[in-house]
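Asks:
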Amino acid sequence: MKKHTILLAALMLCIALGAMVPIFASPYQSSYIGLSHGKTTIEDERIRFVGLHIGSNLTDRISLGGFAHAQLLSDLPGMATGYTVTPVDGAFTFTVGGEVVFTLFEDAFLNPMILIGMGNMTVGYIDQSEESSKGELMIVSNSFTASVAGGFEIN
Numbered sequence: 147m148k149k150h151t152i153l154l155a156a157l158m159l160c161i162a163l164g165a166m167v168p169i170f171a172s173p174y175q176s177s178y179i180g181l182s183h184g185k186t187t188i189e190d191e192r193i194r195f196v197g198l199h200i201g202s203n204l205t206d207r208i209s210l211g212g213f214a215h216a217q218l219l220s221d222l223p224g225m226a227t228g229y230t231v232t233p234v235d236g237a238f239t240f241t242v243g244g245e246v247v248f249t250l251f252e253d254a255f256l257n258p259m260i261l262i263g264m265g266n267m268t269v270g271y272i273d274q275s276e277e278s279s280k281g282e283l284m285i286v287s288n289s290f291t292a293s294v295a296g297g298f299e300i301n
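If you're matching positions, the sequence shown starts at 147 in the numbering used here and goes up one per residue.
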């Protein structure tokens with residue numbers, strides 16, 4: 147992938163995070179930032195994803211936040227990932243949205259939690275044709291997404 151595209155993506159992420167600071171500004175002890183990663187199965191292929199979550203506590207047991215997830219669907223130009231979900235090089239998904247986190251206890255070392263999220267998922271690819279020598283970002287589709295997850299919070 148070209149340096150220009152990577153720098154543009156990093157700049158957009160910094161601007162998005164900077165714009166969310168006033169929305170989620172609160173005392174240090176009641177804010178959160180988290181990283182997520184995992185794998186999803188798409189057409190019998192296990193594909194990795196990474197994500198960023200930031201937010202703030204509304205009450206002792208309810209938090210409101212935002213998230214961004216990214217996932218590759220095929221090899222990037224110049225970088226082999228081994229993913230073959232689609233024959234188009236540089237295919238990806240990017241999901242952005244909001245989330246509400248409910249915890250069972252106010253303060254517990256191992257605290258059961260439920261996360262409900264809604265957002266927008268964009269599927270696209272990086273066009274490396276001769277007409278777009280710098281690599282152009284092409285959007286294939288946008289769709290609404292919702293998720294419910296359960297787990298444990300470790301304090």
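Glycine included, each C-beta is placed from N, C-alpha and C at the ideal position.
Decide if residue 215 is buried, meaning its Cβ has at least 16 other Cβ atoms within 10 Å, or exposed.
Replies: Burial state of residue 215 is buried, judged by a 10 Å Cβ sphere holding 16 or more other Cβ atoms.
Asks: Taking Cβ to Cβ, would you say residue 245 is nearer than 7 Å to residue 213?
Replies: yes
Asks: For residue 178, which of 187, 188, 227, 200 has the nearest alpha-carbon?
Replies: 200
Asks: Pick out whichever of 224, 232, 209, 222 has its Cα sitting closest to the Cα of residue 252.
Replies: 209
Asks: Using only alpha-carbon positions, find the residue among 207, 185, 198 that is nearest to residue 254.
Replies: 207
Asks: Taking the alpha carbon of residue 259 as the point to measure from, which residue in 294, 288, 238, 217 has its own alpha carbon closest?
Replies: 294
Asks: For the beta strand (DSSP E) containing residue 195, list its first residue and its last residue.
Replies: 191-203
Asks: For residue 226 and residue 249, what's the separation of their Cα atoms in angstroms?
Replies: 40 Å
Asks: I believe residue 272 touches residue 223 by the beta-carbon criterion, under 8 Å. Please report the beta-carbon distance rounded to the nearest angstrom.
Replies: Contact check for residue 272 and residue 223: beta-carbon distance about 6 Å, within the 8 Å limit, so the pair qualifies.
Asks: Which same chain residues end up closer than 8 Å to residue 102 when comparing Cβ atoms and leaving out the 5 residues on each side of it in sequence?
Replies: Look at the range of the chain in this structure, 147 to 301, and you will see that residue 102 is not part of it.
Asks: Specify the secondary structure class of residue 176 as computed by DSSP and reduced to three states.
Replies: helix
Asks: Which partner residues of residue 242 appear in the DSSP bridge assignment?
Replies: 214, 266
Asks: Determine the burial state of residue 237: buried for a count of at least 16 other Cβ atoms within 10 Å of its Cβ, exposed for fewer.
Replies: buried
Asks: From the DSSP output, in three-state form, read off residue 297 for me.
Replies: strand
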